[in-house]
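Note sheet for the following structure.
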Amino acid sequence: MNERVRVTSGLPAAFLASGSSFTDFLGESAPHLLPGRRALPPHVAGDLAPTATTIVAATYPGGVVMGGDRRATMGNYIAQRDIQKVYASDEFSVVGIAGSAGIAIEMIRLFTVELEHFEKIEGTTLSLDGKANRLATMIRGNLGAAMQGLAVVPLFAGIDPESADPARPGRIFSYDVTGGVYEEFGYASIGSGSMFAKSALKKVWAPDRDREATVRAIVESLYDAADDDSATGGPDLVRRLFPTLYAVTAEGAARVPEDEVVAVAEAVIAERSSGHRTD
Amino acid sequence: MTMPFYASVEQIMRDRSELARKGIARGRSVAVLSYAGGVLFIAETQNASTALRKVSEIYDRIGFAAVGRYSEFDNLRTAGIRLADMRGYSYDRRDVSGRQLANSYAHALNSIFTEQQKPYEVEICVAEVGKSQSSDQLYRITYDGSIADERNFVIMGGQAEAMTLTLRGIYRADLSLAEAIELGVRALASVGGNNGEPRQLPTDQLEVAILDRDRPLRAFKRIAGPALEALLTSDTPVGAPFEGVAEGATEDAAGDAAPLLDPHPGQPPAMPRPDDPVATGDTDADEPAAADDSTAGAAGSDPDSSGSA
């Protein structure tokens, strides 16, 4: 009888199964759509696809800001100058990507649908830790590709309404290629320019600085990363391309307005040029 | 399975229809209305704070409402969300449409009705909010997979036919949100009271949600608690804007309805109404009398008068 119900209900069984994860559902009904499920030929493929680089995030009282540069590279080539690496994954979280751009963007799309799917089916959102762990599962699924040079490493940040300190709801999570999740205190950076960005951020970040100061610190640290890392793009005054920044507060995740970023970036450039530094 | 005695196909289908119709008529009703600012869902429930919901978001511009057996329509709701999300993920968000979802539901319900022992005792409505009110789409899909493309509004559930008649008399296309809620609640309350009098529906038994035309991307929004209270107890008491407005009313009627246009703090903006609304066909000048509270759960005493099928 069971058999009969499964075949004749008009919709494939996976559509009527219980569960609220979109990834699990895709794995049942259309596994070819999942990143990390494809068989790869056994040689290193890292040089074939563009990679995205530096992402920085920092918390401030009331929220968290994440920013990313706009450059994607393939070896010594600049593959794209205006790539977007930071996305709002749902109303109260953002995610930035470093690593193999194509796989990373696919993963972010899936992650975004995953969060929305859960919200629609369950009628409530996942906890922030739940979202962070869900992303870790996706990274873990990509380990095979990562070992062949197509690694994806995201940075995840959001607002936790159940945070221990209600005045500081912003939290940041970083990952490694094996899917390890690590909560970061205050600020974090990933990607090829992360060493420089993090060092720069370390000097200017303080827990009690406001949103404006935090936005400035992020833009400045990306500038420093671009200064020393060829795979990170600085503000491009010729093409008017500036970093992508997102801020998450209790009101939701929103892109920091372009005008504001441009003004901050121009201020940073003006300050740096006025010093006539020769180092 | 044992072989049953011979029964004609007609008889089998009739029996299944009757079963489904009785099941649907036992439940409380849902109204779906297109109004100036979007599409409104109002469901009468036992307890609106419960997680067992009749109205749900399916996709960016698509909402879902259902009556009947909860486990069955929740199955369909989940399947619809999966269908829409999968399509949006493999193509693009813009490639998900209410029409295609309604078709899938119709196919599924039809197969279940013809091939399974027991049909689903559900009736569902798939609503898609358009760029303008004329492109709003409301699809009603019944237990046997029949699908109808409805204009303006859909009412499903116990006594839906009588409620539809009530709403048809008072519905206008250019309703504001507060007016649409008021009319919807009035229609739902119009049946099931003592001696044919309207019932009083407490706020905590209403599940209200909208697809807001002006909201970018995800249009679905629930209205509950104080926000709903504010809309329901707006300046004009229930029934007042239409009091004394006879057929062929002049523009004076617009003055009566004006208080409803006052924006309520924290409410989604209602679209401004055109300058000369014409009240149509409202001859119901009676003030709805407050019904006995004990009658609130007495809906559906006559299962055979269900408006489904």
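Protein sequence lines, in the order shown, are assigned to chains E and R.
Heads up, the first sequence is in the numbering used here, so the first residue is 713 and it goes up one at a time.
Heads up, the second sequence is in the numbering used here, so the first residue is 3 and it goes up one at a time.
All C-beta atoms, glycine included, are put in the ideal place defined by N, C-alpha and C.
Look up residue i in the DSSP assignment and give the residues it is bridged to.
| i | result |
| --- | --- |
| residue 36 of chain R | R:41 |
| residue 772 of chain E | E:775 |
| residue 59 of chain R | R:65 |
| residue 893 of chain E | E:887 |
| residue 830 of chain E | Paired residues: none, contrary to the question. |
| residue 802 of chain E | E:805 |
| residue 767 of chain E | E:780, E:902 |
| residue 867 of chain E | E:808, E:886 |
| residue 46 of chain R | R:208 |
| residue 115 of chain R | According to DSSP, which records beta bridges pairwise, residue 115 of chain R is partnered with nothing at all. |
| residue 792 of chain E | E:784 |
| residue 224 of chain R | R:211 |
| residue 948 of chain E | E:953 |
Whole angstroms are fine: how far does the CA of residue j sit from the CA of residue i?
| i | j | result |
| --- | --- | --- |
| residue 936 of chain E | residue 792 of chain E | 20 angstroms |
| residue 905 of chain E | residue 877 of chain E | 31 angstroms |
| residue 788 of chain E | residue 215 of chain R | 48 angstroms |
| residue 240 of chain R | residue 209 of chain R | Legend: pLDDT at residue 240 of chain R = 43, less than 50; position of this residue unreliable, value from coordinates given subsequently. Roughly 18 angstroms between the two C-alpha positions. |
| residue 748 of chain E | residue 117 of chain R | 39 angstroms |
| residue 75 of chain R | residue 868 of chain E | 36 angstroms |
| residue 196 of chain R | residue 126 of chain R | 29 angstroms |
| residue 13 of chain R | residue 135 of chain R | 42 angstroms |
| residue 743 of chain E | residue 72 of chain R | 30 angstroms |
| residue 914 of chain E | residue 955 of chain E | 19 angstroms |
| residue 963 of chain E | residue 880 of chain E | 14 angstroms |
| residue 188 of chain R | residue 124 of chain R | 23 angstroms |
| residue 304 of chain R | residue 25 of chain R | The pLDDT assigned to residue 304 of chain R is 40, lower than 50, so where the model puts this residue is not dependable; a value taken from the coordinates is nonetheless given after this. When rounded, the distance between both Cα atoms is 12 angstroms. |
| residue 768 of chain E | residue 898 of chain E | 11 angstroms |
| residue 218 of chain R | residue 753 of chain E | 43 angstroms |
| residue 249 of chain R | residue 138 of chain R | Reliability fails at residue 249 of chain R, whose pLDDT of 36 lies under 50, so the model's placement of it is uncertain and the value that follows must be treated cautiously. Looking at the two C-alpha atoms, the distance is approximately 27 angstroms. |
| residue 920 of chain E | residue 62 of chain R | 38 angstroms |
| residue 835 of chain E | residue 763 of chain E | 37 angstroms |
| residue 942 of chain E | residue 745 of chain E | 34 angstroms |
| residue 48 of chain R | residue 27 of chain R | 15 angstroms |
Between which two residues does the alpha helix (DSSP H) containing residue i stretch?
| i | result |
| --- | --- |
| residue 953 of chain E | It is not in any alpha helix (DSSP H) - residue 953 of chain E carries neither H nor E in the DSSP assignment. |
| residue 172 of chain R | 162 to 172 |
| residue 228 of chain R | 227 to 234 |
| residue 879 of chain E | Counting along the chain, residue 879 of chain E falls outside any alpha helix (DSSP H), and DSSP gives it neither H nor E. |
| residue 126 of chain R | Taken as a continuous stretch (DSSP letters only), residue 126 of chain R belongs to no alpha helix (DSSP H), being part of the beta strand (DSSP E) at 124 to 130. |
| residue 13 of chain R | 11 to 28 |
| residue 54 of chain R | Premise fails: residue 54 of chain R is in no alpha helix (DSSP H) and is neither H nor E. |
| residue 735 of chain E | 734 to 741 |
Looking at residue j and residue i, is the spacing between their C-beta atoms short of 8 angstroms?
| i | j | result |
| --- | --- | --- |
| residue 167 of chain R | residue 46 of chain R | no |
| residue 864 of chain E | residue 779 of chain E | no |
| residue 771 of chain E | residue 901 of chain E | no |
| residue 927 of chain E | residue 976 of chain E | yes |
| residue 56 of chain R | residue 38 of chain R | no |
| residue 741 of chain E | residue 830 of chain E | no |
| residue 87 of chain R | residue 807 of chain E | no |
| residue 858 of chain E | residue 887 of chain E | no |
| residue 917 of chain E | residue 909 of chain E | no |
| residue 193 of chain R | residue 164 of chain R | yes |
| residue 32 of chain R | residue 41 of chain R | no |
| residue 44 of chain R | residue 832 of chain E | no |
| residue 815 of chain E | residue 845 of chain E | no |
| residue 162 of chain R | residue 233 of chain R | no |
| residue 838 of chain E | residue 870 of chain E | no |
| residue 70 of chain R | residue 213 of chain R | no |
On the DSSP letters alone, give me the boundaries of the beta strand (DSSP E) that residue i sits inside.
| i | result |
| --- | --- |
| residue 882 of chain E | 882 to 887 |
| residue 962 of chain E | Element bounds for residue 962 of chain E: n/a, residue is neither H nor E. |
| residue 155 of chain R | 155 to 158 |
| residue 151 of chain R | 149 to 152 |
| residue 846 of chain E | Where residue 846 of chain E is concerned, there is no enclosing beta strand (DSSP E), although the alpha helix (DSSP H) it sits in stretches over 840 to 853. |
| residue 209 of chain R | 208 to 214 |
| residue 785 of chain E | 784 to 786 |
| residue 98 of chain R | Residue 98 of chain R -> no beta strand (DSSP E), and no H or E assigned at all. |
| residue 900 of chain E | 899 to 902 |
| residue 140 of chain R | 139 to 143 |
| residue 72 of chain R | Unbroken run through residue 72 of chain R is the alpha helix (DSSP H), 72 to 92; no beta strand (DSSP E). |
Between residue i and chain C, is there a C-beta pair that is closer than 8 angstroms?
| i | result |
| --- | --- |
| residue 934 of chain E | Included in the structure are the protein chains E and R, with no chain C among them. |
The region 36 to 63 of chain R: which residues have C-beta closer than 9 angstroms to a C-beta of chain E, in chain order?
53, 55, 58, 59, 60, 61
Residues of the region 831 to 843 of chain E in Cβ contact with chain R at a cutoff of 9 angstroms, in chain order, please.
831, 832, 833, 834, 835, 836
Interface positions of the region 204 to 223 of chain R facing chain E (Cβ-Cβ less than 7 angstroms), listed along the chain
none
Any C-beta of chain E within less than 8 angstroms: which residues of the region 82 to 93 of chain R qualify?
83, 84, 85, 87, 88, 90, 91, 92
Taking beta-carbon pairs under 9 angstroms, can you tell me which members of the region 745 to 757 of chain E lie near chain R?
745
Contact residues within the region 800 to 825 of chain E, judged by C-beta distance below 8 angstroms to chain R:
821, 822, 825
Closer than 9 angstroms, Cβ to any Cβ of chain E: which residues of the region 143 to 155 of chain R, in chain order?
147
Just by C-beta distance, which residues in the region 98 to 115 of chain R are closer than 8 angstroms to chain E?
106, 109, 110, 111, 112, 113, 114
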